[in-house]
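So the structure is just underneath, and the comments pick up after that.
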Amino acid sequence: MNDRVLIVGGGRGIGRAIADDCGDRAVVWTRSTGVDAADRSSLDAAFATFRRQHGAPWALVHTVGDFAEQPLLGTDAATWSAQQRSNLDSVFHTIQAIVPAMVEAKRGRVILFAAAGADKQKAMLRAPVYFAMKAAVIQLARSLAAEVAPAGVTVNVVAPGLIDHPHSHRDSQARMLPRVPAGRLGSPADVVAAVRYLLAEEASYVTGQVLTVDGGLQV
Ligand SMILES: NC(=O)c1ccc[n+]([C@@H]2O[C@H](COP(=O)([O-])OP(=O)(O)OC[C@H]3O[C@@H](n4cnc5c(N)ncnc54)[C@H](OP(=O)(O)O)[C@@H]3O)[C@@H](O)[C@H]2O)c1
């Protein structure tokens, strides 16, 4: 049976760590591999090839999502559009391109990425536009979870806190670190553990949930 895990945005950081954990089962799409997740035609072309080779994926993990740290009134229209493209358009188009095949196959797991605190409906002064986009991702995930549950597909969200990797926003993370009750930044491995659980057989009845991995930052 096909057990491929399609990781959209798995070229570096958290997505790369997930891909490494999945080993031979992982298929990675990024702009560097020729796939723009915010462009439906790019996704469709890549998925046509994927489907011919592998059929429907067992799991879809979407980790694309640029961070922009700016106050709301200091955010220009170009940043707004770029944030929307990266964090929201890419989720919408990826879901629409891939999930119907999983529904048809009547099995599968979808994991989307938000950020710790995005489900709390409170002020997010550090990055209000980014968190608004991530709140929308969570809302889309909940709706999708109910829509595809009859087909045996689960949909969940992982919400990382401050995860340290070579491309993460280290200045911002250093400023926030004193507010992390656990007293340390998270590692990609901390997030991989959450993804591993959501992909496991034991999680087949878990859907529409947000799994926060933040050392208590947003408790
Ligand atoms: N790191 C953290 O501390 C943290 C905290 C909270 C939430 N998150 C969320 O967790 C997720 C992963 O974060 P990360 O820090 O690992 O991200 P990252 O280092 O920015 O990596 C993003 C990956 O996505 C790919 N990508 C970007 N735009 C793309 C597009 N339009 N189409 C296809 N691929 C694209 C990039 O490769 P290419 O450039 O080759 O396309 C890269 O491989 C994101 O959703 C992020 O918002 C991260």
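Going by this note's numbering, the first residue of the sequence shown is number 852, and it counts up by one from there.
Each residue gets a CB set at the ideal place from its N, CA and C atoms; glycine is no exception.
- For V1064, the beta-bridge partners assigned by DSSP are P1011.
- For the options R863, W909, S941 and D927, the alpha carbon positioned closest to that of S893 is the one of S941.
- Beta-bridge partners assigned by DSSP to W880: V859.
- Listed in chain order, the non-local C-beta contacts of D970 below 6 angstroms within the same chain comprise I989 and V1061, local neighbours out to five positions each way being set aside.
- A straight line joining the alpha-carbon of P1001 with that of L924 spans about 43 angstroms.
- For A910, the secondary structure class from DSSP, reduced to helix, strand or coil, is strand.
- Beta bridge pairing from DSSP links I962 with V912 and N1007.
- Between the alpha carbons of L976 and A919 lies a distance of about 12 angstroms.
- Between the C-alpha atoms of H944 and Y1048 there is a straight-line separation of about 25 angstroms.
- In the structure shown, G1037 falls within a strand segment according to DSSP collapsed to helix, strand and coil.
- Per the coordinates, the alpha-carbon of A896 lies some 44 angstroms from the alpha-carbon of A1033.
- Secondary structure note for K985: its alpha helix (DSSP H) is the uninterrupted segment P979 to V999.
- By the 16-neighbour rule on beta-carbons within 10 angstroms, Y981 is buried.
- Annotation for R958: G1003 place their beta carbon closer than 6 angstroms to its own, counting only its chain and skipping 5 residues before and after.
- A Cβ-Cβ contact shorter than 8 angstroms links P922 with P979.
- Under the DSSP assignment, T945 falls in the alpha helix (DSSP H) whose first and last residues are S941 to A956.
- Distance from the Cα of M984 is smallest, within the candidate group D1041, A933 and R903, for A933.
- For S932, the enclosing alpha helix (DSSP H) starts and ends at A928 to Q935.
- Cβ neighbours of R867 within its own chain (closer than 6 angstroms, five residues either side excluded): G861.
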